[in-house]
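Participant: Attaching a single structure in structure tokens format; questions to follow.
There are 2 protein chains.
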Amino acid sequence: MSAVWNGAGRRISICDVGLRDGLQMEARFVPTEDKIALVHALSAAGLRKIEVTSFTSPNAIPALRDAEVVMRNIERHPGVTYTALVPNARGAERAIESRVDELNLVMSVSGTHNLANLRMTSMQSFAALSQVVAMAQGAGVPVNVSLSCVFGCPMEGDVALSTVCDWVRRFADLGVRRITLCDTTGMAYPTQVAQVSAAALARWPDAAFTLHFHNTRGMGLANVLAAIDAGASRFDASLGGLGGCPYAPGASGNVSTEDLVHALELMGYDTGIDLPALLAAAHRLPEVIGHDLPSQLAKAGPRLALHPAPADLDALRERALARSAV
Amino acid sequence: MSAVWNGAGRRISICDVGLRDGLQMEARFVPTEDKIALVHALSAAGLRKIEVTSFTSPNAIPALRDAEVVMRNIERHPGVTYTALVPNARGAERAIESRVDELNLVMSVSGTHNLANLRMTSMQSFAALSQVVAMAQGAGVPVNVSLSCVFGCPMEGDVALSTVCDWVRRFADLGVRRITLCDTTGMAYPTQVAQVSAAALARWPDAAFTLHFHNTRGMGLANVLAAIDAGASRFDASLGGLGGCPYAPGASGNVSTEDLVHALELMGYDTGIDLPALLAAAHRLPEVIGHDLPSQLAKAGPRLALHPAPADLDALRERALARSAV
Chain S
1 MSAVWNGAGR
11 RISICDVGLR
21 DGLQMEARFV
31 PTEDKIALVH
41 ALSAAGLRKI
51 EVTSFTSPNA
61 IPALRDAEVV
71 MRNIERHPGV
81 TYTALVPNAR
91 GAERAIESRV
101 DELNLVMSVS
111 GTHNLANLRM
121 TSMQSFAALS
131 QVVAMAQGAG
141 VPVNVSLSCV
151 FGCPMEGDVA
161 LSTVCDWVRR
171 FADLGVRRIT
181 LCDTTGMAYP
191 TQVAQVSAAA
201 LARWPDAAFT
211 LHFHNTRGMG
221 LANVLAAIDA
231 GASRFDASLG
241 GLGGCPYAPG
251 ASGNVSTEDL
261 VHALELMGYD
271 TGIDLPALLA
281 AAHRLPEVIG
291 HDLPSQLAKA
301 GPRLALHPAP
311 ADLDALRERA
321 LARSAV
Chain P
1 MSAVWNGAGR
11 RISICDVGLR
21 DGLQMEARFV
31 PTEDKIALVH
41 ALSAAGLRKI
51 EVTSFTSPNA
61 IPALRDAEVV
71 MRNIERHPGV
81 TYTALVPNAR
91 GAERAIESRV
101 DELNLVMSVS
111 GTHNLANLRM
121 TSMQSFAALS
131 QVVAMAQGAG
141 VPVNVSLSCV
151 FGCPMEGDVA
161 LSTVCDWVRR
171 FADLGVRRIT
181 LCDTTGMAYP
191 TQVAQVSAAA
201 LARWPDAAFT
211 LHFHNTRGMG
221 LANVLAAIDA
231 GASRFDASLG
241 GLGGCPYAPG
251 ASGNVSTEDL
261 VHALELMGYD
271 TGIDLPALLA
281 AAHRLPEVIG
291 HDLPSQLAKA
301 GPRLALHPAP
311 ADLDALRERA
321 LARSAV
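First to last, the sequence lines map onto chains S and P.
In terms of the UniProt record's numbering, the first sequence opens at residue 1 and continues consecutively.
In terms of the UniProt record's numbering, the second sequence opens at residue 1 and continues consecutively.
Below, the structure written as structure tokens:
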């Protein structure tokens with residue numbers, strides 16, 4: 001049997017991306033103070049990396065139009081990396097001014113998806129992001145590159161592993177050492193995840209790869225475990241399972257942070273995260289967001305949160321035994 | 001890496017239990033003809049085992065008060081085992097008269113759960129079921145025993161593996177060769193599943209063990225994979241993820257048959273099930289039941305059910321390239 005079923009204290013690092021990947025899809029504007037409170041709750045629960053916001057045009061994503069205010073007013077916990085998504089040089093300037101700890105750049109390994117979402121060809125995106133990488137390096141701010149549609153494009157279908165590796169290589173050649181392989185619309189499955197993760201980790205042993213899964217088709221946790229078995233140890237997730245996919249209305253969003261922490265800790269992995277504190281934050285989330293969330297754990301509670309036995313259990317037993325005696 | 005990530009054509013057998021484990025919880029009575037149509041749809045989709053109903057007292061579970069009518073009117077597909085739950089000797093008589101292919105008996109390995117649910121001590125249940133086993137053996141009808149709370153009791157907490165093995169042994173000693181290990185309220189986690197499955201399979205190599213998981217805490221698929229890695233190959237699931245748990249309102253029910261088939265077939269396992277036919281049945285289910293279901297796949301579709309690219313993709317590309325040329 002695989003060693004993956006027994007964590008044996010191995011460290012798994014989780015980055016909560018709900019404030020960015022989740023909130024960017026929400027119709028209702030979440031008040032700035034609620035966002036700040038959420039970042040604080042996540043920091044206090046032990047998250048060591050939080051994607052706080054996105055420095056996009058306020059017209060493109062009005063839900064995150066308060067990026068600067070949020071970034072400047074969060075309480076910075078020591079040891080926590082506060083990262084933000086940055087689509088272009090203008091966003092990078094704003095993010096660097098707001099003292100983000102890391103710039104998270106994004107482009108898609110699917111040409112169709114890149115064009116449809118970012119209005120640029122993949123090569124144009126790469127050229128633009130190369131400038132941002134240089135800016136960040138000049139400013140001494142670390143860069144993470146998130147590659148979308150690594151496990152499939154909802155319009156093109158499967159993307160060849162060689163294409164994925166080509167894009168990783170281009171960024172690695174620029175000196176980027178942090179790469180997130182994103183399952184943008186929940187198309188990843190464990191066999192593929194194991195293969196892609198193993199290939200990337202073997203080819204770039206010095207890079208820090210993060211895996212980003214959505215639970216769109218119910219395979220989120222299985223994909224995380226396949227990636228761990230292939231050597232990965234960094235994952236994105238979102239409180240409450242915030243997020244979602246425009247191609248699958250009603251389906252789950254990102255892998256839920258609390259579901260993932262609960263499962264991994266039971267399995268003997270060390271996430272460094274305080275589950276009760278995380279759950280308390282998850283329980284407040286539906287009111288903040290204005291709707292129910294896909295998190296299973298927020299509904300069911302941890303597996304050993306026991307329920308009282310029937311008050312008349314002794315009487316039940318006596319009656320049962322009396323029937324037998326007849 | 002584990003071989004579990006690559007099915008390599010290995011056969012996995014799935015029994016759909018939605019008509020029993022799912023419908024028994026529904027407030028609304030599902031018309032008899034709809035139940036019969038569902039059994040037919042599952043047979044036609046390639047399920048090789050279907051739990052059709054429960055021969056319980058009509059007062060205890062009015063939702064299944066039509067057990068005889070359903071059982072007598074389903075179309076029997078060759079090679080399909082039509083099983084039914086049977087709580088006691090009276091139920092066994094009714095089930096045998098209705099020509100079930102298998103009697104599925106049930107008791108809990110948790111004394112508290114058994115008393116609260118079945119109003120008997122575990123020893124009383126065992127004594128009663130022993131008589132039913134003898135009846136079935138006399139009638140030449142195979143018996144399956146489903147043990148509840150194998151992976152934890154919502155009132156008692158964890159149940160010792162030795163206790164679980166004790167109950168398996170008692171039934172094995174009666175000649176029962178089909179045993180289902182049930183995660184009745186979704187408390188199982190992969191480490192435990194791997195351990196319990198491996199122990200049971202090693203100790204009773206001639207028995208046919210089925211694993212029955214609920215997705216209450218989002219670990220259903222991961223638990224199935226852990227069990228497969230430990231050597232198991234038979235699983236319960238329910239169309240649409242029907243079912244649920246009285247201790248976790250709003251949480252998921254049984255592992256969804258279509259989510260499981262989709263994942264396992266992608267991984268190279270052979271379930272023998274026709275996913276499009278199964279999905280068609282799943283899509284009709286919410287209307288039959290009267291509410292939404294937890295199945296992810298019914299909402300999101302298979303991973304390669306692609307979406308059209310934007311109609312103006314060529315124009316987008318031209319405009320993008322024109323901007324670069326400026």
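Ideal Cβ placement from N, Cα and C applies to all residues, glycine included.
Runs of 3 residues minimum, wholly inside the region 209-268 of chain P: which ones carry the beta strand (DSSP E) assignment?
Facilitator: 234-237
Participant: Is any beta-carbon of chain P found at less than 7 Å from that of H307 (chain S)?
Facilitator: Locating residue 307 (chain S) in the first sequence gives position 307, counting from the first residue. Interface residue, yes.
Participant: Report all residues from its chain with a CB closer than 6 Å to the CB of A207 (chain P); omit the five preceding and five following residues, and keep chain order.
Facilitator: As a first step, residue 207 (chain P) must be located in the second sequence, where it is residue number 207. If we look at A207 (chain P) and ignore the five residues flanking it on each side, its Cβ neighbours are R177 and I179.
Participant: Does any CB atom of chain P fall closer than 7 Å to the CB of D229 (chain S)?
Facilitator: Numbered from its first residue, the first sequence carries residue 229 (chain S) at position 229. Answer yes: the Cβ-Cβ gap between D229 (chain S) and chain P drops below 7 Å somewhere.
Participant: Suppose you measure from the CA of P308 (chain S) to the CA of G46 (chain S); what does that come to, to the nearest Å?
Facilitator: Sequence index remark: in the first sequence, residue 308 (chain S) carries index 308 (1-based). Sequence index remark: in the first sequence, residue 46 (chain S) carries index 46 (1-based). If I take the Cα positions, the gap works out to 31 Å.
Participant: Quick one: which chain A residues come within Cβ less than 8 Å of T163 (chain P)?
Facilitator: The chain inventory of the structure shown lacks chain A, comprising the protein chains S and P.
Participant: Helix, strand or coil for C153 (chain P) per DSSP?
Facilitator: For the purposes of this step, residue 153 (chain P) is identified with residue 153 of the second sequence, where counting begins at 1. C153 (chain P) falls in the strand class under three-state DSSP.
Participant: Using a Cβ-Cβ cutoff of less than 7 Å, which residues in the same chain neighbour residue 413 (chain P) once the five nearest sequence positions on both sides are dropped?
Facilitator: Because residue 413 (chain P) is not part of the residues shown, which for chain P are 1 to 326, the question remains open.
Participant: Run through chain S and tell me which residues come within less than 8 Å of S252 (chain P), C-beta to C-beta.
Facilitator: Taking the first residue of the second sequence as position 1, residue 252 (chain P) is located at position 252. Ordered by position in chain S, the residues that pass the 8 Å Cβ test against S252 (chain P) are Q296.
Participant: In its own chain, which residues sit with a C-beta less than 6 Å from the C-beta of L221 (chain P), not counting the 5 before and 5 after it?
Facilitator: Here the question's residue 221 (chain P) lines up with position 221 in the second sequence. Excluding sequence neighbours, L221 (chain P) sits near A263.
Participant: Taking 7 Å as the CB-CB cut-off, is R303 (chain P) touching chain S?
Facilitator: Within the second sequence, numbered from 1, the residue matching residue 303 (chain P) stands at position 303. By this cut-off, R303 (chain P) is an interface position.
Participant: Secondary structure at V145 (chain P), three-state DSSP: helix, strand or coil?
Facilitator: Indexing the second sequence from 1 puts residue 145 (chain P) at position 145. It is a strand residue.
Participant: Could you pull out every residue in the same chain whose Cβ sits closer than 6 Å to the Cβ of L211 (chain S), ignoring the five residues on either side in sequence?
Facilitator: The residue you call residue 211 (chain S) lines up with position 211 of the first sequence. Excluding residues within five positions, the ones whose Cβ falls inside 6 Å are L181, A227, A232 and F235.
Participant: Could you pull the DSSP bridge partners for I179 (chain P) from this structure?
Facilitator: As a working note, residue 179 (chain P) is residue 179 in the second sequence. Partner(s): P:V145 and P:F209.
Participant: Taking DSSP as the reference, what is the three-state secondary structure of M120 (chain P)?
Facilitator: Start at 1 with the first residue of the second sequence, and residue 120 (chain P) comes out as number 120. In the structure shown, M120 (chain P) sits in coil (DSSP, three-state: anything other than H, G, I, E or B).
Participant: For A136 (chain P) and A92 (chain P), what's the separation of their Cα atoms in angstroms?
Facilitator: Position 136 of the second sequence, counted from the first residue, corresponds to residue 136 (chain P). Position 92 of the second sequence, counted from the first residue, corresponds to residue 92 (chain P). One alpha carbon belongs to A136 (chain P), the other to A92 (chain P), and they sit about 8 Å apart.
Participant: Can you list, in chain order, the residues of the region 184-197 of chain P whose Cβ is nearer than 9 Å to any Cβ on chain S?
Facilitator: Within the region 184-197 of chain P, T185, G186, M187, A188, Y189, P190, T191, Q192, V193, A194 and Q195 place their CB atoms closer than 9 Å to a CB of chain S, listed in sequence order.
Participant: Using DSSP bridges, identify the partner residues of T83 (chain S).
Facilitator: Taking the first sequence and counting its residues from 1, one reaches residue 83 (chain S) at position 83. Under DSSP, T83 (chain S) forms a beta bridge with S:E51 and S:E102.
Participant: Between the C-alpha atoms of V109 (chain S) and V164 (chain S), what's the straight-line distance to the nearest angstrom?
Facilitator: To locate residue 109 (chain S), count along the first sequence from 1; it is residue 109. To locate residue 164 (chain S), count along the first sequence from 1; it is residue 164. Approximately 6 Å between the Cα atoms of the pair.
Participant: Between P286 (chain P) and chain S, is there a C-beta pair that is closer than 7 Å?
Facilitator: Counting from one through the second sequence, the residue named residue 286 (chain P) turns up at place 286. Taking Cβ atoms only, chain S never reaches closer than 7 Å to P286 (chain P), which makes this a no.
Participant: When we look at the beta-carbon of D292 (chain P) and count the other beta-carbons within 10 Å, is it buried (16 or more) or exposed?
Facilitator: Position 292 of the second sequence, counted from the start, is the residue given in the question as residue 292 (chain P). Exposed is the label assigned to D292 (chain P), since fewer than 16 other Cβ atoms lie within 10 Å of its Cβ.
Participant: Might you give, ordered along the chain, the residues of its own chain that have their beta carbon closer than 7 Å to the beta carbon of D229 (chain P), omitting 5 neighbours on each side?
Facilitator: What you label residue 229 (chain P) is simply residue 229 of the second sequence in a count that begins at 1. Within the same chain, D229 (chain P) has close Cβ partners S2, V4 and A194.
Participant: To which residues does DSSP link residue 327 (chain S) through a beta bridge?
Facilitator: It is not possible to answer for residue 327 (chain S), since the shown part of chain S is limited to 1 through 326.
Participant: Using the beta-carbon count (16 or more within 10 Å), is R11 (chain S) buried or exposed?
Facilitator: Along the first sequence, read from residue 1 onward, the residue named residue 11 (chain S) stands at position 11. Only exposed fits R11 (chain S), as fewer than 16 other CB atoms lie within 10 angstroms of its CB.
Participant: Which residue marks the beginning of the alpha helix (DSSP H) containing P286 (chain S), and which one marks its end?
Facilitator: Sequence index remark: in the first sequence, residue 286 (chain S) carries index 286 (1-based). From DSSP, the alpha helix (DSSP H) with P286 (chain S) extends over L275 to I289.
Participant: Short of 7 Å in beta carbon distance, which residues of its chain neighbour M25 (chain S), apart from the five on each side in sequence? Order them along the chain.
Facilitator: The count along the first sequence starts at 1 and reaches residue 25 (chain S) at position 25. The answer, listed in chain order, is G243 and G244.
Participant: Classify S108 (chain P) as helix, strand or coil using the three-state DSSP reduction.
Facilitator: Position 108 of the second sequence, counted from the start, is the residue given in the question as residue 108 (chain P). Strand.
Participant: Whose C-beta lies closer than 6 Å to the C-beta of N223 (chain P) among residues of the same chain, with five residues either side of it excluded?
Facilitator: Indexing the second sequence from 1 puts residue 223 (chain P) at position 223. Correct list, in chain order: A188, P190, V193 and F213.
Participant: Where N117 (chain S) and A315 (chain P) are concerned, what is the direct C-alpha to C-alpha distance, given to the nearest angstrom?
Facilitator: The residue you call residue 117 (chain S) lines up with position 117 of the first sequence. The residue you call residue 315 (chain P) lines up with position 315 of the second sequence. C-alpha separation (whole angstroms): 14 Å.
Participant: So is L42 (chain S) buried or exposed if we call it buried at 16+ other beta carbons inside 10 Å?
Facilitator: Counted from its first residue, the first sequence places residue 42 (chain S) at position 42. Flag for L42 (chain S) reads buried.
Participant: Are the beta-carbon atoms of G7 (chain P) and M219 (chain P) separated by less than 7 Å?
Facilitator: Translated into the one-based positions of the second sequence, residue 7 (chain P) becomes position 7. Translated into the one-based positions of the second sequence, residue 219 (chain P) becomes position 219. Going by C-beta atoms, G7 (chain P) is not nearer than 7 Å to M219 (chain P).
Participant: Hey, does W5 (chain S) have any beta-carbon neighbour from chain P nearer than 7 Å?
Facilitator: Within the first sequence, residue 5 (chain S) is the residue found at index 5, counting from 1. It does: the Cβ of W5 (chain S) has a partner Cβ on chain P nearer than 7 Å.
Participant: Would you call the region 123-134 of chain P and the region 73-89 of chain P touching, i.e. three or more CB-CB distances under 8 Å?
Facilitator: Because the criterion of three Cβ pairs below 8 Å is met, the region 123-134 of chain P and the region 73-89 of chain P touch.
Participant: Chain P partners of H283 (chain S), CB-CB under 8 Å?
Facilitator: For the purposes of this step, residue 283 (chain S) is identified with residue 283 of the first sequence, where counting begins at 1. Going along chain P, no residue has its Cβ under 8 Å from H283 (chain S), so there is no contact; the nearest lies around 13 Å.
Participant: Among the candidates S:P62, S:R169, S:A198 and S:P142, whose CA atom is the shortest distance from the CA of A95 (chain S)?
Facilitator: If you number the first sequence from 1, residue 95 (chain S) lands on position 95. For A95 (chain S), the nearest C-alpha among the options comes from S:P142.
Participant: Please list, in chain order, all residues of the same chain as E265 (chain P) whose beta carbon is under 7 Å from its beta carbon, the five residues on each side excluded.
Facilitator: Looking up residue 265 (chain P) in the second sequence gives position 265. Same-chain partners within the cutoff: T271 and L275.
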